[in-house]
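Oh and the sequence shown: position 267 is 272 in this note's numbering, straight run, nothing missing.
Every residue, glycine too, gets a C-beta built ideally from N, C-alpha and C.
Remember, it's a predicted structure, so these values are computed and weren't measured experimentally.
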Amino acid sequence: MEKLFVGIKLTLLVLLFSGCSAEKEPNPLVKQTPPPLIGNAENVQNSGVNRTLSSVDIAKKMPYSLVVKQTPSSVGKAAPRGGRQGVIFKAPSQAAAKTAPKANRDTNETADNNGVEQQSAPNLPDCDGIPSNVSPRVLSFLTCKVVQILSQPEKVESFLLIPKADTSVPRTNRLGRFPIKADGQGLNLEGENLDKFKKLVFSEDSYRFGWKKKCRFSPDVGLHFVKGDKAVEVLFSLDCNLWLFVYGKEEKLEDFDPIQSQFTFLNSLFPVDMEMPETPPSEESETPTETPENSVET
Numbered sequence: 006m007e008k009l010f011v012g013i014k015l016t017l018l019v020l021l022f023s024g025c026s027a028e029k030e031p032n033p034l035v036k037q038t039p040p041p042l043i044g045n046a047e048n049v050q051n052s053g054v055n056r057t058l059s060s061v062d063i064a065k066k067m068p069y070s071l072v073v074k075q076t077p078s079s080v081g082k083a084a085p086r087g088g089r090q091g092v093i094f095k096a097p098s099q100a101a102a103k104t105a106p107k108a109n110r111d112t113n114e115t116a117d118n119n120g121v122e123q124q125s126a127p128n129l130p131d132c133d134g135i136p137s138n139v140s141p142r143v144l145s146f147l148t149c150k151v152v153q154i155l156s157q158p159e160k161v162e163s164f165l166l167i168p169k170a171d172t173s174v175p176r177t178n179r180l181g182r183f184p185i186k187a188d189g190q191g192l193n194l195e196g197e198n199l200d201k202f203k204k205l206v207f208s209e210d211s212y213r214f215g216w217k218k219k220c221r222f223s224p225d226v227g228l229h230f231v232k233g234d235k236a237v238e239v240l241f242s243l244d245c246n247l248w249l250f251v252y253g254k255e256e257k258l259e260d261f262d263p264i265q266s267q268f269t270f271l272n273s274l275f276p277v278d279m280e281m282p283e284t285p286p287s288e289e290s291e292t293p294t295e296t297p298e299n300s301v302e303t
């Protein structure tokens, strides 16, 4: 009986000891550990307490650009003002570049590039038979009808003129508005001299378009180009280096300073006793003036 009592006592002591141990050490099967917030979270010391950085904490430590790249909602948004946004304007395709119109390609305007660009020939319906050596600028200035007569005349007569306009004189006795001197008809312009004249009159280098002079147009010599029932008259003011082209009621006045010395062949059209006016050296040929435009004596 005594042995049974001792056994019960030992059993109670064992149970009591086991209960105390359970209170001091929790069951490892029910131990809870917080899950990591992100895969590479780092531990930092904060007042002696270990804690895991949250995704918000890590975002605060990351560069702004990295945060934008990792944010799906940022795709398609405009870059911050002042930032580089990449290529905005694209270069035109090769096909578009080929079809793009050139500036003033179909007009008669010239380019200002510290030089002279010849104007395009005007698309006039009656420009057939124009020689290839006619400058487009000259063709535009004289017009097709005048060039056609000057290039293929049937006859070219020469005259000495009275340098004062007088329309009261019969038309057959004057060139344009300027009377022909009595016995002032010279020889006809033909052959080599006619070819020389054509070369000069059709070249843009023979003119100074748009220049102005102080002198008034007072013609000394004139040429009368005849083709069928049409005629063009070219009058020369030798003391001012101006020539006037007359076709019907149309008159076109321009400067011929660059070729002033090349008209000496006109002397051969007039006998010595006709007193062909000498061609004086031009004193105004080097510098344009700000005076009114070349004017025709009235």
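In summary, residue 134 is exposed, with fewer than 16 beta-carbon neighbours lying within 10 Å of its beta-carbon over all protein chains present.
Counting only unbroken stretches of 4 or more residues, the alpha helix (DSSP H) elements lying wholly within the segment 184-248 are 196-206, in sequence order. Going by beta carbons, residue 180 and residue 253 fall outside the 8 Å limit. By the criterion of a C-beta distance shorter than 7 Å, residue 224 is surrounded in its chain by 166, 168, 183, 240, 241, 242 and 249, once the five residues flanking it on both sides are discounted. Residue state for residue 143 is assigned as helix, using DSSP reduced to three classes. CA-to-CA, the gap between residue 158 and residue 217 works out to about 31 Å. A straight line joining the alpha-carbon of residue 202 with that of residue 275 spans about 16 Å.
With fewer than 16 other Cβ atoms from the protein chains shown falling within 10 Å of its own Cβ, residue 13 counts as exposed. Assignment of beta-bridge partners to residue 133 by DSSP yields no partner.
Selection 213, 173 and 136 evaluated against residue 246 yields 213 as nearest (Cα-Cα). Your pair residue 198 and residue 162 does not check out as a contact, with CB atoms roughly 13 Å apart and the cut at 8 Å.
Of the candidates 256, 156 and 15, the residue whose Cα lies closest to the Cα of residue 205 is 156. One thing to note: residue 230 has its Cβ no nearer than 8 Å to the Cβ of residue 143. In this structure, residue 164 sits near residue 189, with a CB-CB distance shorter than 8 Å.
The bridge partners DSSP lists for residue 182 come to none. The Cβ atoms of residue 270 and residue 211 lie no closer than 8 Å to each other.
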